[in-house]
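Quick notes on the structure that follows.
In the numbering used here, the protein residues as written are 141 to 263.
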């Protein structure tokens with residue numbers, strides 16, 4: 141009698157591993173799907189024309205201390221040619237996320253963010 145019990149435990153292991161793999165795949169696909177849903181804030185920012193002079197003023201007041209007044213870097217990295225390295229969406233996410241300490245979480249209103257993007261494109 142013990143042999144069938146041992147065999148049933150061994151044959152159950154692949155089924156459990158399959159279920160765990162399926163669960164992991166479902167979680168990963170769900171995370172990917174959620175990341176594809178447009179963020180309304182980002183969509184609004186991208187729909188607005190930015191004002192270069194207001195963007196420069198926002199940069200000087202909020203970003204210049206760490207990134208340098210000309211965006212050449214200081215405490216924070218250089219932002220020179222940053223649009224060649226990051227898309228506008230990535231730039232917005234970088235600014236608003238607060239996920240790269242010591243950079244604080246910063247979420248200007250949509251127009252101010254559009255203005256800031258306009259300025260960043262000139263660096």
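Ideal placement from N, C-alpha and C gives every residue a C-beta, glycine not left out.
Remember, it's a predicted structure, so these values are computed and weren't measured experimentally.
Within 9 Å, strictly: CB atoms of residue i and residue j
i           : j           : result
residue 255 : residue 179 : no
residue 245 : residue 236 : yes
Residues near residue i in its chain [Cβ-Cβ closer than 7 Å; skip 5 each side]
i           : result
residue 238 : 244 and 245
residue 219 : 207, 211, 260 and 263
residue 216 : 206, 207 and 243
Of the listed residues the options, nearest to residue i (C-alpha basis)
i           : options               : result
residue 260 : 203, 215, 157 and 248 : 203
residue 258 : 216, 182 and 195      : 195
residue 250 : 163, 186, 159 and 153 : 186
residue 252 : 227, 199 and 224      : 199
Beta-carbon proximity list for residue i, same chain, < 6 Å, skipping 5 on both sides
i           : result
residue 230 : none
residue 247 : 236
Contacts around residue i, its chain only, beta-carbon distance under 8 Å, and the 5 residues preceding and following it disregarded
i           : result
residue 182 : 229, 232 and 233
residue 240 : 234
residue 153 : none
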